[in-house]
Each structure stands twice: as C-alpha cells, then as structure tokens.
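> One structure, pasted below without further comment.
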Amino acid sequence: MRSVQQHTYWVRKQLDRLLDDVTTSSLFSGYGFYQNNHLFGIQQYGIFYLRAEGDLARLLEKQGAVPCIPSDNNALSLSRYYRLPCEISNNDTLYREFLLRSIEQVKQQKIDFQLAKKTRIKELPNLSIKHERLLIKINIINVAQLRRAGAEKAYTIAKKHGFSINLDFYWNLVAALQNIHVSLLPPEQKAKALEKLNHYLRKAGLRPEKVKQ
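In case it helps, numbering that gives the first Met the number 0 puts the sequence shown at residues 0 to 212.
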C-alpha cells in the first residue's frame, strides 16, 4: 500500500483537492483511481488518464485530450482512457466537472449492466407484481421498455389513463431505474426528478405534483 501511495502521490494530491473519498489500487498496467468503487482514472508512467466513452469522450477530444496508447502488456482496455490537456488539468473548475462526469458515466454503466440482466419489472428494487401489472396496462411490459420510457413518461402515461397514483409510485420508479432502494434517493436528486416530472405533466396537460409537507 505504501508503494501505491508513493507512486500516485502527485496525482492524488490534485484529485483530493477536487473530489472526496478518492482511493487507489495497483492494476496490472499501473494504478487505478476510484470513488465509491467506481474506477474513473488510471495512472501509467506517472501520467493520469481519465475514463470516458461516447459523448464525453468526443467532448474531451475536442478539448485536446489524447487516448491512452495500448500495449501488449495492458490488461485493461485503455482506448477509453484519455490524457487531459493542461487547459483542463490546470483549471480546477473544468477539471472537476470532467471528473464528476466520468464518475457519473461509470456509475450509470454499472446500473445499465445490472438492469440488463433483469427482464420482469417486479425484479427491480421497490417494484412488486402490483407495479408490474399497472405498467403492463399502459403497454410497458418489461424492464427494457421501462428503461426506454423512463420514470417520468411512465408516470405521466399512467396518470393520463386515470390510474390513482402518487409521488410514492414515481419515487419507486426513479429509484428502481437506478437499481437502488427508494430510501437512498437524496433530497437534491428528488427535487431535480420532481422538476423533470412536472415538465412532462405540464406538456401532457396534467396538473403538476407537489411534495406534501
């Protein structure tokens, strides 16, 4: 452990200034950087590379980031890791933004992987056969269709069909699509989710929801 701490000291010093709870470990091809067990970066030969795919990777490339060059000795697929330009790494606000987006992407990919292994709606956290039957009545018959629709659209359609549901039903859907128990939804996330739901409801000509005090 002391060797890992020594070899990653300078990278950790910068990351610790921008993020909470960063941990490190040895990998076959260098060192890994984690937050809450989400691997978001690696270090090779003293250089830090940030993990990114899809739109995030394309955005980094536009900013001048360069993908890590793989070698025969690499056990990881390193094409998704990027060396950041000084314009990012020397700008704390911009650097932190990209770090958080990378971590969120890794987190979402893990959720997607877990949900992809489930087919029936009642297999998701917080949801029972009761929820499954209601969703089937609005033509959302499995997990894949629920993921495509999203919690907001599913709730709005159910409301338009006249089902007697409330915010508890919505919170259960939101948490289920994150593969977590509903009690783990933080207040700030619920506030953003409610704002999103009310946007859908207004577009559908329905009354927005309010949290009961």
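Beta carbons: idealized from backbone N, C-alpha and C, even for Gly.
Since this is a predicted model, take the numbers as computed values, not measurements.
1. Using the C-alpha atoms, what's the distance from W9 back to T23?
2. In this structure, does DSSP put L26 in helix, strand or coil?
3. With a Cβ-Cβ cutoff of 8 Å, do V21 and Q5 count as a contact?
4. Ignore the nearest five residues each way along the sequence and tell me which others in A157's own chain have a CB closer than 6 Å to its CB.
5. Determine the direct distance from the alpha carbon of L83 to that of F47, and round the result to whole angstroms.
6. If you draw a straight line from the C-alpha of Q113 to the C-alpha of A190, how long is it?
7. So the candidates are K159, L123, I128, F39; which of them puts its Cα closest to the Cα of V142?
8. Once DSSP output is grouped into helix, strand and coil, what is the label at L38?
9. From what residue to what residue does the beta strand (DSSP E) around F47 run?
10. Starting from R82, trace the beta strand (DSSP E) both ways and give me its first and last residue.
11. Have a look at the DSSP bridge pairing and note the partners of Q62.
12. So what's Q177 in DSSP terms, helix, strand or just coil?
13. Would you tell me roughly how many angstroms separate the C-alpha atoms of S25 and Q13, rounded to the nearest one?
14. Helix, strand or coil for G149? Go by DSSP, reduced to three states.
15. Just curious, the alpha helix (DSSP H) that L193 is in, first and last residue?
16. In whole angstroms, what is the alpha-carbon distance linking L49 and K106?
17. Please report how far the alpha carbon of L196 lies from the alpha carbon of E151, in whole angstroms.
18. Between the C-alpha atoms of Y199 and R57, what's the straight-line distance to the nearest angstrom?
19. Who does G31 pair with in a DSSP beta bridge?
20. Please classify G31: is it buried, with 16 or more other beta-carbons within 10 angstroms of its beta-carbon, or exposed?
21. Among I41, F162, R146, which has the Cα closest to the Cα of N178?
22. Pull up the distance between the alpha-carbon of P66 and that of G161, whole angstroms please.
23. Looking at the unbroken alpha helix (DSSP H) that takes in T92, where does it start and where does it end?
According to the structure data:
1. 12 Å
2. strand
3. no
4. I137, I164
5. 8 Å
6. 25 Å
7. In terms of CA proximity to V142, L123 leads the group K159, L123, I128, F39.
8. strand
9. Looking at the DSSP string, the run of the beta strand (DSSP E) that includes F47 is 46 to 50.
10. Note, R82: beta strand (DSSP E), 80 to 82.
11. DSSP lists no partner for Q62.
12. coil
13. If you take the alpha carbons of S25 and Q13, they lie about 19 Å apart.
14. helix
15. 186 to 202
16. 14 Å
17. 5 Å
18. 30 Å
19. S24, I41.
20. buried
21. R146
22. For P66 and G161, the distance between alpha carbons rounds to 51 Å.
23. 91 to 115
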